[in-house]
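So the sequence shown is numbered by the working numbering: it starts at 38 and just counts up by one.
Think of the CB as a built atom: it goes at the ideal place given N, C-alpha and C, for glycine as much as any other residue.
Working notes, beginning with the structure itself.
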Amino acid sequence: MLRWAVVFFIISIIAAIFGFGGVANAASDIAQVLFFIFIVIFAVMLVAGLVAGKKIAG
Numbered sequence: 038m039l040r041w042a043v044v045f046f047i048i049s050i051i052a053a054i055f056g057f058g059g060v061a062n063a064a065s066d067i068a069q070v071l072f073f074i075f076i077v078i079f080a081v082m083l084v085a086g087l088v089a090g091k092k093i094a095g
């Protein structure tokens, strides 16, 4: 998912260079949404790993 965020970020940068404002804004919005989804999933998995690790160790 982080890969898609980076891809849409690069697309938005390229579109902005060529002056395609609408395409750049759309790609930037998609990249931002995917990035925040990735951050939320990362945080949930981190907490789940910490909880599971304590149950296995203790």
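Next item on the list: Using 10 angstroms around the beta-carbon of A80, count the other beta-carbons present and answer buried if the total reaches 16, otherwise exposed.
Entry: exposed
Next item on the list: Ignore the nearest five residues each way along the sequence and tell me which others in A68's own chain have a CB closer than 6 Å to its CB.
Entry: A42, F45, F46
Notebook entry, point to check: If we ignore side chains and look at the alpha-carbon of each, how far apart do N62 and I76 end up?
Noted result: 21 Å
Checklist line | Three-way DSSP call (helix, strand, coil) for G56 in this model | finding: coil
Next item on the list: Use the C-beta contact count for A64: other C-beta atoms within 10 angstroms, 16 or more gives buried, fewer gives exposed.
Entry: buried
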